[in-house]
Amino acid sequence: MPWKTRTRVLPAAAALLMALTAGCGGGAATQASNTGGGSQEDRYVAGDGSSTAFDPGERVAAPEVSGETLGGDAVSLADYRGEVLVLNFWASWCGPCRSEVPVLNEVYAENKDAGVAFLGVNIKDNATAAKAFEENQDVEYPSLYDQPGRVPQAFRDTVPPAAIPSTLVIDRQGRIAARVIGETSYNELSGLVEDVVAEKGGSAAGGGPAEGPAGATRAADRT
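Heads up: the sequence shown runs through residues -24 to -1, 1 to 199, numbered per mature numbering (1 follows the signal peptide of the UniProt record, and there is no 0).
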């Protein structure tokens, strides 16, 4: 699987999260702005679909977040320790979120028997609309309901989800192994997941870059 190394400069985490929790993505260098209208979808700022994979020694631990799914079940990221977790941030008013559901479902179906779990995070949304989205789009995995946007805020000092949608791949040790900003594709997501599934062993949870936050060190960008 070909990889290309390049330097990435990430925007300030606080600025990203302020933009995201306002119903937008963040980072002008990697986002395309929609300036029309005043609805949530009008204020949506689309990611460019770029992905970044972090070597095991560069990874930082995902925060310990918890809440309830749209179905009312308690859920915590700690529940998935020992599995590879795909964490997808979405909203019912987000067009690219609808477009990528078939990809997410397909990658989930192909990998769930290999120790891969999927969890959505529905943010800045109405619960009724979010539940209708899950039903109408046939989403095959649960989603944590996070109307205030507290989950992306919890990631602000790690690898923040910088757009809606954004997807994080978390390794078996609970560290962030990859991020996609914007709508993902089958080849992109399946490749990222398969790479993490194929990893053997690894350092203890809580490891990360020797200096600075993830993204300030070298990252591998899939082409």
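Just so it is clear, CB atoms sit at the ideal spot from N, CA and C, and this is done for glycine as well.
Keep in mind that this is a model prediction, so the values were computed, not measured.
The beta carbon of S52 lies closer than 6 angstroms to those of S42 in the same chain, with the five residues before and after it left out.
Between S27 and A154, the CB-CB gap stays under 8 angstroms. Contact between V156 and G25 holds: their C-beta atoms lie close to 7 angstroms from each other, under 8 angstroms.
A Cβ-Cβ contact shorter than 8 angstroms links A38 with G150. Inter-segment contact for the segment 61 to 77 and the segment 97 to 107 is present: three or more beta-carbon pairs are separated by less than 8 angstroms.
G23 places its beta carbon 8 angstroms or farther from that of G125. Straight through space, the alpha carbons of V77 and G91 are spaced by roughly 20 angstroms. DSSP places A108 inside the alpha helix (DSSP H), whose first and last residues are A103 to N112. E86: member of the alpha helix (DSSP H) spanning G71 to N87, first to last residue.
In the displayed model, Y162 falls within a helix according to three-state DSSP. Its chain contains E40, S42 and G150 as the residues whose beta carbon lies nearer than 8 angstroms to that of A54, once the 5 sequence neighbours on both sides are disregarded; these appear in chain order.
DSSP places R155 within a strand segment (E or B) once states are collapsed to three. For the set V172, A174, E175 and Y162, the Cα lying nearest the Cα of A85 is the one of Y162. Separation of the CB atoms of P141 and P72 is rounded to 6 angstroms, and the pair is thereby assigned contact status at 8 angstroms.
Looking at D89, G47 and V83, the one whose alpha-carbon comes closest to that of F109 is G47.
Restricting attention to A139, V97 and F131, the CA atom closest to the CA of S119 is found in V97.
A distance below 8 angstroms separates the beta carbons of V83 and V169. For A130, the enclosing alpha helix (DSSP H) has its first and last residue at R126 to A130. For D122, the three-state secondary structure derived from DSSP is strand. Looking at the DSSP output, A93 sits in a beta bridge with L61.
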